[in-house]
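See structure below.
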Amino acid sequence: MGADIPLSVLNICAFVWRRSRDGGLEVNEGDVLDDVEQMITAGMT
Numbered sequence: 002m003g004a005d006i007p008l009s010v011l012n013i014c015a016f017v018w019r020r021s022r023d024g025g026l027e028v029n030e031g032d033v034l035d036d037v038e039q040m041i042t043a044g045m046t
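With this note's numbering as the guide, the letters of the sequence shown map in order to residues 2 to 46.
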């Protein structure tokens with residue numbers, strides 16, 4: 002289908018989604034994207 006999405010990225014998204022849902026937190030999208038970007042960068046190095 003489309004581009005292959007690394008499983009780790011899906012895991013991060015699922016973790017963030019569960020955390021925001023279970024904790025009732027208002028997730029700042031910019032912060033989440035920054036965190037994901039840092040995790041992806043760390044995983045590549």
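All C-beta atoms, glycine included, are put in the ideal place defined by N, C-alpha and C.
Flag this pair as yes or no: are the beta carbons of G44 and S9 separated by less than 8 Å?
-> As a position in the sequence shown, residue 44 is number 43, starting the count at 1. As a position in the sequence shown, residue 9 is number 8, starting the count at 1. Going by C-beta atoms, G44 is nearer than 8 Å to S9.
Measure the C-alpha to C-alpha separation of V37 and D5 and round it to an integer number of angstroms.
-> As a first step, residue 37 must be located in the sequence shown, where it is residue number 36. As a first step, residue 5 must be located in the sequence shown, where it is residue number 4. For V37 and D5, the distance between alpha carbons rounds to 17 Å.
Taking DSSP as the reference, what is the three-state secondary structure of D5?
-> The residue labelled residue 5 in the question sits at position 4 within the sequence shown. Three-state DSSP puts D5 in coil, outside helix and strand.
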